[in-house]
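This report concerns only the one structure given below.
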Amino acid sequence: METVPQPTPETVSLEAKSPFEMRVHLGESVPDTDVRSALKTGDLGFLHSFTTGSAVDGPGLRLVAWTTSCMFRCQYCHNPDTWTLKNGIPVPLNRAIEEVQKYANGLIAMHGGFTLSGGEPMMQDRFAARLFGAVKKMGVHTAIETNGYYGERLTDEELANIDLVILDMKAFTRMQHELVTGMHNEDVLEFCNRLSALKRPMWLRYVLVPGLTDIPEEMEAIADFGKSLGVVERVEILPFHQMGRYKWDRLDIEYKLEATEPPTGQSISNAIGIFQDAGLNAA
Ligand code: SF4
11 METVPQPTPE
21 TVSLEAKSPF
31 EMRVHLGESV
41 PDTDVRSALK
51 TGDLGFLHSF
61 TTGSAVDGPG
71 LRLVAWTTSC
81 MFRCQYCHNP
91 DTWTLKNGIP
101 VPLNRAIEEV
111 QKYANGLIAM
121 HGGFTLSGGE
131 PMMQDRFAAR
141 LFGAVKKMGV
151 HTAIETNGYY
161 GERLTDEELA
171 NIDLVILDMK
181 AFTRMQHELV
191 TGMHNEDVLE
201 FCNRLSALKR
211 PMWLRYVLVP
221 GLTDIPEEME
231 AIADFGKSLG
241 VVERVEILPF
251 HQMGRYKWDR
261 LDIEYKLEAT
271 EPPTGQSISN
281 AIGIFQDAGL
291 NAA
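Residue numbers 11 to 293, in this note's numbering, belong to the letters of the sequence shown in order.
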């Protein structure tokens, strides 16, 4: 079992080395009435952490804020500590804006930007919308990594403050989506169609898990759908890994992928090929 010391509300730092750091109970002291008010106004957000220097969460080098709370329960989730809102650090909106401001000039100079990820950022949609509004005013490129389920929570004007939507497509058919995440995906597909109508740039991501998501028909359906949207600039195949496994153990949640190996190089190439065959830029 992993023995990395776990931060407490007294010792925790807003910045983490990586989102794989286990963080729990950091917002437990916030009363439920304050949580409700925070969700309504966005004055306060709950964050796992900020990380710097990411090269995989959007174009260029990214400052990433990782939110807590998620409505899905993906079998392959590598950060199940972010499922629970109050596992995150309560961070006033102004404090989060200051954190981005610290890096703004560097992010602009390096053609990078700010990414809001999670968890699922749209679980805290007011905080997300206000933070994006402030970051956009700094002239910093903005991106959201989302499962898309609560996309309707953001207005068209709020979406205009997000330069790139990185949509984590879990599956295409409802049955497979429910198997992978525990939830249906009608709202996800509807959000994609809305982004397409608004001509908002998108990337698609797909986690390739042997025995769970390496299904050609699912990927072909996502690829055809993605192509039809006309706004998908890039598709990323993310190979499954076991880096988050220790969190499932520590949280004592049943983990169904205990024996699952990462996909082979051939399987990754095949998946990329499916998206390329549909005419998408896939890697
Ligand atoms: S949507 Fe993301 S954070 Fe939520 S359960 Fe799935 S992988 Fe985890």
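Cβ coordinates follow ideal geometry from the N, Cα and C atoms, glycine included.
C-beta atoms of residue i and residue j nearer than 9 Å
i	j	result
T270	V219	yes
G122	L174	no
T222	V198	The displayed chain sequence assigns Leu, not Thr, to residue 222. No. Outside cutoff.
G37	F137	no
L215	L248	Note on identity: in this sequence residue 215 is Arg, with Leu being the wrong assignment. Contact flag set, yes.
R83	H58	no
R297	L24	A question about residue 297 goes unanswered here, because the residues of the chain that appear run from 11 up to 293.
T62	T78	no
L103	A170	no
A75	V40	no
P19	I99	yes
R244	A207	no
E200	E162	yes
D224	P272	no
H88	K257	yes
F142	E168	yes
C-alpha gap between residue i and residue j, whole angstroms
i	j	result
G240	T21	47 Å
V150	I282	30 Å
E246	K96	31 Å
C202	G158	8 Å
D259	K180	23 Å
L71	M120	7 Å
S238	G68	22 Å
S279	F285	10 Å
V187	M193	The identity of residue 187 in the sequence shown is His, whereas the question assumes Val. Answer to the nearest angstrom: the Cα atoms are 7 Å apart.
E228	F235	11 Å
A288	I232	10 Å
K209	V242	10 Å
M148	P226	42 Å
G275	T43	50 Å
N195	P17	35 Å
I154	F182	21 Å
T191	R46	26 Å
S28	S64	9 Å
E12	I172	Model confidence at E12 stands at a pLDDT of 46, short of 50, so the residue's coordinates are unreliable and nothing is read from them.
S277	W213	21 Å
As assigned by DSSP and simplified to three states, the class of residue i
i	result
L164	coil
E2	Nothing in the structure corresponds to residue 2, since the chain is present only between 11 and 293.
Q179	Looking at the sequence provided, one finds Met at residue 179 rather than Gln. DSSP places M179 in coil when its eight states are reduced to three.
E12	Low confidence applies to E12: its pLDDT is 46, below 50, so where it sits in the model is not reliable enough to give any reading.
A26	coil
V74	strand
Y265	coil
I154	strand
H58	strand
A114	helix
V92	It should be noted that the sequence gives Thr, not Val, for residue 92. T92 falls in the helix class under three-state DSSP.
Y216	strand
L248	strand
G289	coil
Nearest-angstrom Cβ-Cβ length linking residue i and residue j, presumed shorter than 8 Å
i	j	result
L205	Q134	With a Cβ gap of about 20 Å, L205 and Q134 do not count as contacting.
T92	G128	6 Å
V217	Y86	6 Å
M185	F30	That pair is no contact at about 31 Å.
Residue i Cβ short of 8 Å to the ligand SF4 heavy atom set
i	result
W258	no
N280	no
E264	no
R136	no
D67	no
T191	yes
N89	yes
E130	yes
D178	yes
R250	Here the sequence assigns Phe to residue 250, which means Arg is not the residue at that position. For the ligand SF4, not one heavy atom lies less than 8 Å from the Cβ of F250.
R140	no
W93	yes
R83	yes
N157	yes
C202	no
Cβ-heavy atom distance, residue i to the ligand GDP, below 8 Å
i	result
Y86	Ligands present in the displayed structure are limited to the ligand SF4, and the ligand GDP is not among them.
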